[in-house]
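Novice:
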Amino acid sequence: MTVRTRFAPSPTGYLHIGGVRTALFCWLFARNRGGRFILRIDDTDQQRNVDEALEPILHGLRWLGIDWDEGPEVGGPLGPYYQSQRADRYQAAVDKLLADGTAYRDYATTEELQAEREAAQREKRTFVYSRRFMAETPEDQARFEAEGRPGVVRLKMPREGTLVIDDLIRGQVEFDWAREQDHVIQRADGSCLYHLASVVDDHDFEITHVIRAEEHLSNTPRQIFIARSLGYELPAYAHLPCVAEPGSKTKLSKRKLAKYLKNRDFAALLEHGQKIAAAIGLESEPETFNPVIVDFYEQVGYLPEAIVNYLALLGWSLDDKTEHFTRQQLVEAFSLERVNKAPASFDPAKLSAFQQHHMQQAPIEQKLAMVLPYLQKAGLIESPDSEATRRKVAEILQAAGDRIKVAGDVLDYAYFFVPDDQLPYGEKAFEKRLRKPAEAGELLGRFRDRLAALEPFEPETLDRLLHDFVESENVEIGQIIHAIRVAITGKAVGFGLFESLAIVGKPSCLARIDRALGQL
RNA sequence: GGCCCCGUCGUCUAGCCAGGUUAGGACACAGGCCUUUCAAGCCUGCAGCACGGGUUCAAAUCCCGUCGGGGUCACCA
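Here it is, written out as structure tokens:
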């Protein structure tokens, strides 16, 4: 039997980090078993523009390399894959349920239902609908309709016995049928609700394993009831623990950004992103730019491999030591048996660590491709295709080594691209390294003259030059080196000074030193 | 509140099913080394079986209870 799994997002306009973890596990399981991964769009309740709201979700999944074998844009033999286009299938199911007596037409008003619910609460008993307005005969139906009552279709749930669900992750879970509600499956206007639609689609799409978040565990009895009533073979169920807030066990939510900002690591992650967004002129309001949303990571220049690796380890592990996986290794190693039951909280610091690790592994060519768009968007380079630009950026990347953690970090090195007369100086650094030390100006002036005569202008020759200089001047290297760095880069920190000077080039180095000296 | 689920360092986790480990790893944090700065790297350290009973020669592991946390209780998905 071919394994078939599905991920069923609603078109909400964004891809949530918790949602993508669910999608990833479904995908990994299908790929591990040589099966198919299906994308289904749960748009039964959508008024808005579905295509527009779906686009970021499809884009995010693609970016992460979570590809689907059937679904939007790729089609498939069992489509359509949009619930909004499958109304006839749901109607057929409702008709069958009605005919078999496992569902009924109900004419209770919202108020009447609410009254029953409150009464039950007062008497401290579990609410179950009295079925007072259940139409058992065509006569009942005619009467209720004559009264002008709106009718819906409800499930006629069993009122005794227990259900045992064999969950692949949680083991056997028991429910009392008597506590399950007669849920509405079809509204008065004929539209069908999620539970009915989901069960019908899982059957039609031949889903073998329903892998989803824990929040659906308590929905499972009614879905099993529907499936059984329709004579469907049940899929296997696997309920994943939820992805929780940083430092908590509560489900991660897009809306609680203000709360998460109290977490130091989370705040640092967002702030880092905002700095990059600002430099490339990207809007960064929380609706769209937010570490709970996958887009954020693409926008600031994370590696999809790093996100996937981190997310895979949120609730799953292979053993006691393996942490770093390639996509292929994950596919080979993944199994539902090793998924945890307890919620796993999202740790921004650990995500960053994975990003750093994967970035270190990335070849320079890949980093170059990642980084060029940022320089271009920031207006620092004209064309990313120019050979001279590529060579220069590659040199910077080489010299920067591990300092560039996300692609957007390349903007920390904007000083290699700005015109000499527009180089911004860090005020504190300039004060400390150039203005305050009494000898800094004179020393720097004399070093400038040596620099002017240097040929060739390379890291090795620069290194020798400076060491000769400090020896002949009889000063400590610390007395001059910081002054040079600030004069050339405007900053107190950066990668190797000699590489920096060589990349800036002799004419610019001299111009920048002259300008700094002029401001003392 | 009812029902369901869960509980090992601050966080992600290994170990639990088949009882015997100095309870292992990673991130974070602290200190050190390296060093022209910042990173990186290397070394060291800090820190955990929620609690209480029971079973047993022996319990993180099996059983019972308590406490704590989470999910869910829609004509949302």
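Numbering of the first sequence is given in my numbering, commencing with residue -17 and proceeding in unit increments.
Note that the Cβ used here is the ideal one computed from N, Cα and C, for glycine as well.
From glutamine 404 to aspartate 496, what distance separates their C-alpha atoms?
Specialist: Whole-angstrom Cα-Cα distance: 13 Å.
Novice: Looking at serine 317 and lysine 231, is the spacing between their C-beta atoms short of 8 Å?
Specialist: Taking 8 Å as the Cβ cut-off, lysine 231 and serine 317 do not qualify as a contacting pair.
Novice: Leaving out five residues on either side along the sequence, give the residues of the same chain with a beta carbon under 8 Å from the beta carbon of isoleucine 485.
Specialist: Result list for isoleucine 485: Lys374, Glu377, Ile378, Ala381, Phe398, in chain order.
Novice: Start and end of the alpha helix (DSSP H) containing alanine 69?
Specialist: Note, alanine 69: alpha helix (DSSP H), 69 to 82.
Novice: Please name the residue or residues paired with leucine 21 in a DSSP beta bridge.
Specialist: Bridge partners of leucine 21: Phe(-11).
Novice: For asparagine 322, count neighbouring C-beta atoms within 10 Å of its own C-beta (all shown protein chains included) and say buried if the count is 16 or more, exposed if not.
Specialist: With fewer than 16 Cβ atoms within 10 Å of its Cβ, asparagine 322 is classed as exposed.
Novice: Less than 8 Å between the C-beta atoms of valine 155 and leucine 199, yes or no?
Specialist: Contact: yes.
Novice: Out of curiosity, what's the CA-to-CA distance linking alanine 218 and threonine 91?
Specialist: The straight-line gap from Cα to Cα measures roughly 37 Å.
Novice: For a quick check, are the C-beta atoms of alanine 294 and leucine 10 less than 8 Å apart?
Specialist: For alanine 294 and leucine 10, yes; Cβs fall inside 8 Å.
Novice: From the DSSP output, in three-state form, read off tryptophan 50 for me.
Specialist: In this structure, tryptophan 50 counts as coil in the three-state DSSP scheme.
Novice: With a Cβ-Cβ cutoff of 8 Å, do leucine 479 and isoleucine 463 count as a contact?
Specialist: Yes; because the gap between Cβ atoms is below 8 Å, this pair is in contact.
Novice: Taking the C-alpha atoms as reference points, what is the distance between glutamate 287 and leucine 95?
Specialist: The straight-line gap from Cα to Cα measures roughly 50 Å.
Novice: Shortest alpha-carbon distance to alanine 335 belongs to which of Leu285, Cys224, Glu314, Ala351?
Specialist: Nearest of Leu285, Cys224, Glu314, Ala351 to alanine 335, Cα basis: Leu285.
Novice: What residue from Val274, Ile275, Gln256 has the CA that sits closest to serine 266's CA?
Specialist: Answer by Cα proximity: Gln256.
Novice: Do alanine 179 and tyrosine 72 come within 8 Å of each other at the CB atom, strictly closer than that value?
Specialist: Contact flag set, yes.
Novice: My assumption, with CB atoms under 8 Å, is that aspartate 402 sits in contact with serine 482. Please give the rounded CB distance.
Specialist: So it is not a contact: roughly 14 Å between Cβ atoms.
Novice: Leaving out the 5 sequence neighbours to the left and right, which residues in its chain are closer than 8 Å to leucine 426 when beta-carbon positions are compared?
Specialist: Closer than 8 Å at the Cβ level, and outside the excluded window around leucine 426, lie Leu416, Ile462, Ala465, Ile466, Ala469, Ile495, Ala498, Leu499.
Novice: Taking its Cβ as the centre, do 16 or more other Cβ atoms sit within 10 Å of histidine -2, making it buried, or is it exposed?
Specialist: Per the 10 Å Cβ criterion, buried.
Novice: Assign alanine 250 to one of two classes, buried (16 or more other C-beta atoms within 10 Å of its C-beta) or exposed (fewer than that).
Specialist: By the 10 Å Cβ count, alanine 250 comes out exposed.
Novice: State the start and end residues of the unbroken alpha helix (DSSP H) segment that holds phenylalanine 248.
Specialist: Run containing phenylalanine 248: 246 to 261, per the alpha helix (DSSP H) assignment.
Novice: Whose C-beta lies closer than 8 Å to the C-beta of arginine 210 among residues of the same chain, with five residues either side of it excluded?
Specialist: Taken in chain order, the residues that qualify are Leu216.
Novice: Are the CB atoms of tyrosine 356 and glycine 283 within a distance shorter than 8 Å?
Specialist: Yes, the Cβ-Cβ distance between glycine 283 and tyrosine 356 is below 8 Å.
Novice: Give me the Cα-Cα distance between isoleucine 147 and glutamate 197, rounded to the nearest whole angstrom.
Specialist: Taking the straight line joining both Cα atoms gives about 15 Å.
Novice: Which of the three DSSP states, helix, strand or coil, is assigned to glutamate 118?
Specialist: Reduced to three states, the DSSP call for glutamate 118 is coil.
Novice: On a Cα-Cα basis, can you pick out the residue from Ile193, Leu212, Ala124, Val452 that is closest to arginine 87?
Specialist: Nearest of Ile193, Leu212, Ala124, Val452 to arginine 87, Cα basis: Ala124.
Novice: Considering Cα atoms alone, identify which of Arg44, Asn14, Gln67 is closest to aspartate 27.
Specialist: The shortest Cα separation from aspartate 27 among Arg44, Asn14, Gln67 belongs to Gln67.
Novice: Beta-carbon within less than 6 Å of glycine 0's beta-carbon, same chain only, minus the 5 sequence neighbours each way: which residues are those?
Specialist: Answer for glycine 0: Val225, Leu234, listed in chain order.
Novice: Considering only their Cβ atoms, is the gap separating alanine -10 from aspartate 33 smaller than 8 Å?
Specialist: No, the Cβ-Cβ distance between aspartate 33 and alanine -10 is not below 8 Å.
Novice: Using the DSSP secondary-structure output, state which residues sit across from lysine 233 in a beta bridge.
Specialist: BP columns for lysine 233 point to Ala226.
Novice: I'd like the list of long-range same chain contacts for arginine 309, defined as Cβ closer than 7 Å, with 5 residues on each side in sequence excluded.
Specialist: Here the set comprises Gly47, Glu287, Val290.
Novice: Assess contact between the region 336 to 354 and the region 386 to 397, defined as three or more Cβ pairs (one per stretch) separated by less than 8 Å. Is contact present?
Specialist: Yes, the region 336 to 354 is in contact with the region 386 to 397.
Novice: Looking at the structure shown, is phenylalanine 7 part of a helix, part of a strand, or coil, going by DSSP?
Specialist: Looking at phenylalanine 7 - three-state DSSP - the assignment turns out to be helix.
Novice: For lysine 138, count neighbouring C-beta atoms within 10 Å of its own C-beta (all shown protein chains included) and say buried if the count is 16 or more, exposed if not.
Specialist: Lysine 138 is buried by the Cβ-count criterion.
Novice: Measuring CA to CA, which of Asp164, Arg104, Gln103 is closest to arginine 114?
Specialist: Ranking Asp164, Arg104, Gln103 by Cα distance to arginine 114 puts Asp164 first.
Novice: Which word fits isoleucine 459, buried or exposed, when buried means at least 16 other C-beta atoms lie within 10 angstroms of its C-beta?
Specialist: So isoleucine 459 counts as exposed.
Novice: Grouping DSSP H, G and I as helix and E and B as strand, with all else coil, what is histidine 221?
Specialist: Reduced to three states, the DSSP call for histidine 221 is strand.
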